[in-house]
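For the record, the sequence lines run as chains R and Y.
Sequential numbering of the first sequence, starting at 39, is according to our numbering.
Sequential numbering of the second sequence, starting at 14, is according to our numbering.
Reading through the C-alpha cells given below for one structure.
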Amino acid sequence: MTDVIATNQTILVVGGGISGMTAALEAAECGKNVVLVEKNPALGGRVSQLYRYFPKLCHPTCGLEINLRRLKQNPRIRVLTMAEVTAITGGEGDYTATVKLAPRYVNENCTACGECAKAVDAEVPDAFNYNLGKTKAAYLPHKMAYPQRYVLDPSIIGTADADKAKAACKYGAIDLDMKEETVQFKAGAVIWATGWKPYDAAKIQPYGYGRYSNVITSVEFERLADIHGPTKGKILRPSDGKEAKNIAFIQCAGSRDENHLRHCSRICCMASLKQTNYVREAYGDAGKSTIYYIDIRAIDRFEDFYQKVLKDPTVSFIKSKVAKAVQDEKTGDVILHGVNTEGYHRYATPHDLVVLAVGMEPSVKGANIPAEIVSDSSGFIEADPSNHAFFGAGCASNPLDVNRAVQSATASALRAIQVVNRVARVEG
Amino acid sequence: MSEKYHNNFLKEVEEMVEEGEWVKMCMQCGVCAGSCPLGPHWAHPPQEIFMMIRAGKREEVLRSDSMWMCTSCYNCVVRCPRKLPITHIMHGLANYAHRLGLSPKNQPTQQFATLFWNNLAQTGRVNELKLSLGIYFKDGFAQGVKNAMAMQSVGLGMVKAKRLNPMELFGGHGVKDKAGFHAMLKKAREIEDRRKNFA
C-alpha cells in the first residue's frame, strides 16, 4: 500500500512535465511539502520528447538533468508516477485529493539493468516516440526517465512474457501481483500543470494526416531528428525510408481556425523555424525547407531567430495557408496546392515530406478536471478568483514555450505558497 | 493620392453589401482561393477581392466578373478559419454591382440570373421550358436553334419522363394570387431600397 503523508499545508502539483516539476521544486525549495502526481511512468513530459529547444538549440536533456538533480536532493517532494487524480473535494486550504495509481509491476529494487526487456518478446507501440516505432513490452520510458525504473506493459500480464521477465530479473524487482491502488490525501492548494497535447491532425481533413504516410506532425518530426528516435536521428520519410531533403512545414495546422483551435498556439512558428535547422544540420546545402505560413509569429525576442532563418538560402517562405495535400502513390511525394497571397499565384508543389506544425490543445480539455474550474473558450485554465486555490501552470493555462511555461509555473508556486502560508498561520 | 484610395469603399461594402461587414475579418490566409473548385478560372479569388475592397479598388471590384463565377459550392465557407460567409459575400457583391449597373455585360451567370428572376417574378413559379429556351436564344436566333438542336435528345427524354411539359410554352403554371405575389415583391424591393438608400 502506498502511503502519502500530506496535510492542509501540502501543495498538490498535478502533472510532472517541465511546468509541474518547476512548480513543485520552487515550492519545495521554499520549504513547502509537495506531492507531485504524474500520469506517465516517468517525469519530463513533452519537453523530454523534444530534440532541441529554441532559440539556443540546446538539448532538453540538459535542463531536465538540472531539475532532476534538484528533485533528488529535496526530501519535501513526494513523486507519484502512473498516477491520475480522479477527484478533488473541499475548498481553499482544505482540499482532499483522490489519486488512482496504476500498477507498474516493477518495484524500487529495479536497477534499470534491462535484462527483463531482453527476455520479453512482445512489442508495444512506443508512446515516447509518438508511436512511430515499437518498444519491448518491458521498457524504460526513455533514457533520462525518473524514476529510473522499468515498466511492464499491462498487455503482457498473465502471459508467458511476464514470467520470462520475472525470471530474468536478478533483483526481485518484478512484482506481477501489483494491483491498482487508490490513495487519498490532503492539500491546501492545487497546481494544475497537465500541459498540452498536439492537436489531432487527422481532423484537418484536406492535409491527409493518417491517410498519407508522408504527412507527419511537428512533434513526430522532433523524434525523427533525435538520435534516440525511431530512425536514430536520420530524417527519413515513413513511406519508403528515403532521405527527406525537400521538406514542407505547414503552419497553423489546427491553430487560429474556428473549425479547429481558435487560439494561436504561439510556439509552432518558432518550432518550424527551429526544425529548418534540423534539415540544414542533416543535409547541409542539399536540404530544402519551405515554410507555408499566414504570418510568422516569432514573438518578442525570437524575432532575431526568425531573421537568421530568413537569411538561410535553403529555407523559403510562402505566404499561404495550404488548401490541400495529395500524396503521389508512385513517388511518395506530397503535392501541396494553394494560392500564394503574395501575388495570388496558384501553386502545386511536390515535397518529400510534409510536417504539420500542429497546434497546442490544453490537456485540461476533454480530461476530467475533478473540480469546478473557470477556463477560457479554448479550455485553458484562467487565473480567476473563483478558482480559489486551484491554479493553472504552464500549458494548462496558456499555449506557452518552455521558457514561459517555467515562468508561469513559478508564478503558480508563489500563489500556492501564499495559500498554504495562510493555512499555517491559522493552524498555528 | 486620395483619388486613388477610396478608403470609403470598405465602409460602403459594409453598409450596402449583404454580409459585407465580414470583409474586414479576412486574414488573407488563402484557403478560400486554394479550395475553390473554379479557382483557376477567376480573375480574382475571394481572398484577393477582400484585399482589393480594403485597398479601395471600387471600380475594379464592382466591374469584375469574379464574384459571378461563384457556384455556391460552399467549400470556402466550411474551410474559412475565420468563418466568413464567403459565398454570401460574393453573391452580395454581384447583386450590388448589378444594381449599380456596373456588372460586366454578357456575363453568362448574370444573364442566367436575370432570366431566372424575370421568369420567376412573372407567375411565382419557374417555367423551366421558357427558362431554357431563353438561355438557348440569348445570343440570337441562329445560335438559339443550334443550341436547341444540340439539346434535343435531352429535352425529348425529359418530356417522355414527364419532367418537362411542352404546353408550358403557352402561359404555364403559376401561383394562385398573382396580384398578391407581385405586391409582395414590390413591397420587399421598397424595403430593401429604403434600407440601402437606393433611389
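For each residue, glycine too, the CB sits at the ideal point set by N, CA and C.
Residue i - partner residues in DSSP beta bridges
{"i": "LEU374 (chain R)", "result": "R:ALA363, R:THR387"}
{"i": "TRP230 (chain R)", "result": "R:VAL52, R:GLY430"}
{"i": "TYR331 (chain R)", "result": "R:LYS357"}
{"i": "ALA225 (chain R)", "result": "R:TYR133"}
{"i": "PRO79 (chain R)", "result": "DSSP lists no partner for PRO79 (chain R)."}
{"i": "THR220 (chain R)", "result": "R:LYS138"}
{"i": "SER413 (chain R)", "result": "R:ILE419"}
{"i": "GLU281 (chain R)", "result": "R:LEU274"}
{"i": "GLY212 (chain R)", "result": "Sequence check: residue 212 (chain R) is Ile here, not Gly. Beta-bridge pairing links ILE212 (chain R) to R:VAL144."}
{"i": "MET467 (chain R)", "result": "Nothing can be reported for residue 467 (chain R): it is not among the residues displayed for chain R, which extend from 39 to 466."}
{"i": "LYS10 (chain Y)", "result": "A query on residue 10 (chain Y) cannot be resolved here, the shown segment of chain Y reaching from 14 to 212 and no further."}
{"i": "TYR321 (chain R)", "result": "For TYR321 (chain R), which the question treats as bridged, DSSP gives no partner whatsoever."}
{"i": "VAL189 (chain R)", "result": "R:TYR177"}
{"i": "PRO163 (chain R)", "result": "R:LYS172"}
Helix, strand or coil at residue i according to DSSP, with G and I counted as helix
{"i": "GLU420 (chain R)", "result": "coil"}
{"i": "LEU198 (chain Y)", "result": "helix"}
{"i": "GLY128 (chain R)", "result": "strand"}
{"i": "ALA2 (chain R)", "result": "An answer regarding residue 2 (chain R) cannot be provided, because it is not within the stretch 39 to 466 covered by chain R."}
{"i": "ILE62 (chain Y)", "result": "helix"}
{"i": "ALA44 (chain R)", "result": "coil"}
{"i": "THR100 (chain Y)", "result": "helix"}
{"i": "THR448 (chain R)", "result": "helix"}
{"i": "ALA206 (chain R)", "result": "helix"}
{"i": "ILE305 (chain R)", "result": "coil"}
{"i": "CYS86 (chain Y)", "result": "coil"}
{"i": "PHE92 (chain R)", "result": "coil"}
{"i": "PHE287 (chain R)", "result": "strand"}
{"i": "ARG116 (chain R)", "result": "strand"}
{"i": "TYR316 (chain R)", "result": "helix"}
{"i": "LYS172 (chain R)", "result": "strand"}
{"i": "VAL30 (chain Y)", "result": "coil"}
{"i": "ILE254 (chain R)", "result": "strand"}
{"i": "PRO408 (chain R)", "result": "coil"}
{"i": "LYS326 (chain R)", "result": "strand"}
{"i": "ALA155 (chain Y)", "result": "helix"}
{"i": "ASN71 (chain R)", "result": "strand"}
{"i": "TYR14 (chain R)", "result": "It is not possible to answer for residue 14 (chain R), since the shown part of chain R is limited to 39 through 466."}
{"i": "MET14 (chain Y)", "result": "The predicted model places MET14 (chain Y) with a pLDDT of 45, which falls under 50 and marks its position as unreliable; any figure quoted below should be read in that light. The answer is coil: DSSP assigns MET14 (chain Y) none of H, G, I, E or B."}
Cutoff 6 Å; reference residue i; Cβ partners in own chain excluding five residues on either side
{"i": "ASP78 (chain Y)", "result": "PRO117, GLN120"}
{"i": "HIS19 (chain Y)", "result": "Residue placement at HIS19 (chain Y) is poorly supported in this model, since its pLDDT is 49, which falls under 50; the coordinates still yield a value, given next. Within the same chain, HIS19 (chain Y) has close Cβ partners GLY69, ARG71."}
{"i": "ASP132 (chain R)", "result": "ASN46"}
{"i": "TYR316 (chain R)", "result": "ALA263"}
{"i": "GLY210 (chain R)", "result": "ASN147"}
{"i": "GLY246 (chain R)", "result": "VAL253, ALA363"}
{"i": "TYR89 (chain R)", "result": "GLU260, ALA263, ASP264"}
{"i": "ALA157 (chain R)", "result": "LYS202, ALA203, ALA206"}
Spatially closest choice to residue i from the options, by CA coordinates
{"i": "VAL26 (chain Y)", "options": "Y:GLY147, Y:GLY47, Y:MET171, Y:LEU106", "result": "Y:LEU106"}
{"i": "PHE223 (chain R)", "options": "R:VAL42, R:GLU465, R:VAL458, R:HIS426", "result": "R:VAL42"}
{"i": "MET82 (chain Y)", "options": "Y:MET65, Y:LEU146, Y:HIS57", "result": "Y:HIS57"}
{"i": "CYS151 (chain R)", "options": "R:GLU130, R:ILE212, R:LEU50, R:THR387", "result": "R:ILE212"}
{"i": "ALA447 (chain R)", "options": "R:SER193, R:VAL189, R:THR134, R:TRP230", "result": "R:TRP230"}
{"i": "VAL117 (chain R)", "options": "R:GLY54, R:VAL162, R:ARG84", "result": "R:GLY54"}
{"i": "MET40 (chain Y)", "options": "Y:LEU128, Y:ASN160, Y:TYR149, Y:ARG67", "result": "Y:ARG67"}
{"i": "LEU105 (chain R)", "options": "R:ALA80, R:GLU76, R:MET59, R:PRO113", "result": "According to the sequence shown, residue 105 (chain R) is Asn rather than Leu. Answer by Cα proximity: R:MET59."}
{"i": "LEU109 (chain R)", "options": "R:LEU74, R:ALA121, R:TYR143", "result": "R:LEU74"}
{"i": "ASP342 (chain R)", "options": "R:TYR143, R:LYS312, R:LYS204", "result": "R:LYS312"}
{"i": "PRO138 (chain R)", "options": "R:GLY129, R:GLU146, R:THR119", "result": "One point to set straight first is that residue 138 (chain R) is Lys, not Pro, in the sequence displayed. The shortest C-alpha separation from LYS138 (chain R) is found at R:THR119."}
{"i": "THR122 (chain Y)", "options": "Y:HIS104, Y:GLY114, Y:ASN160", "result": "Y:HIS104"}
{"i": "LEU115 (chain Y)", "options": "Y:THR84, Y:MET80, Y:VAL91, Y:LYS143", "result": "Y:MET80"}
{"i": "ARG114 (chain R)", "options": "R:TYR89, R:GLN456, R:CYS68", "result": "R:CYS68"}
{"i": "SER145 (chain Y)", "options": "Y:GLU181, Y:ALA134, Y:LYS191", "result": "Y:GLU181"}
{"i": "PRO94 (chain Y)", "options": "Y:HIS54, Y:TRP35, Y:TYR109, Y:GLY137", "result": "Y:TRP35"}
{"i": "CYS49 (chain Y)", "options": "Y:LYS24, Y:ASN21, Y:VAL91", "result": "Y:VAL91"}
{"i": "ALA240 (chain R)", "options": "R:GLU380, R:ASN436, R:TYR250", "result": "R:TYR250"}
{"i": "ALA198 (chain R)", "options": "R:ALA160, R:CYS96, R:SER303, R:ALA386", "result": "R:ALA160"}
{"i": "HIS383 (chain R)", "options": "Y:GLY193, Y:GLY43, Y:MET64", "result": "Y:GLY43"}
Close-in-space but distant-in-sequence residues of the same chain around residue i (CB under 8 Å, 5 per side omitted)
{"i": "MET14 (chain Y)", "result": "For MET14 (chain Y), the predicted structure reports a pLDDT of 45, less than 50, and the residue's modelled location is therefore unreliable. The matter cannot be settled from this model."}
{"i": "LYS280 (chain R)", "result": "LEU274, GLY370, ASP390"}
Contact set between residue i and chain A, taken where Cβ atoms lie within less than 9 Å
{"i": "GLU296 (chain R)", "result": "The chain labelled as chain A is not found among the protein chains of the depicted structure, namely R and Y."}
Sequence-distant residues of the same chain with beta carbon closer than 7 Å to residue i, five excluded per side
{"i": "TYR177 (chain R)", "result": "ALA155, TYR188, VAL189"}
{"i": "VAL162 (chain R)", "result": "LYS172, THR173, ALA175, ASP191, SER193"}
{"i": "GLY271 (chain R)", "result": "ALA263, ASP264, ILE265"}
{"i": "CYS207 (chain R)", "result": "GLU153, CYS154"}
{"i": "GLY128 (chain R)", "result": "THR134"}
* Are the region 287-307 of chain R and the region 323-342 of chain R touching, with three or more C-beta to C-beta distances below 8 Å? -> yes
* Asked: Does the region 385-398 of chain R touch the region 247-262 of chain R, meaning 3 or more C-beta pairs lie closer than 8 Å?
  -> yes
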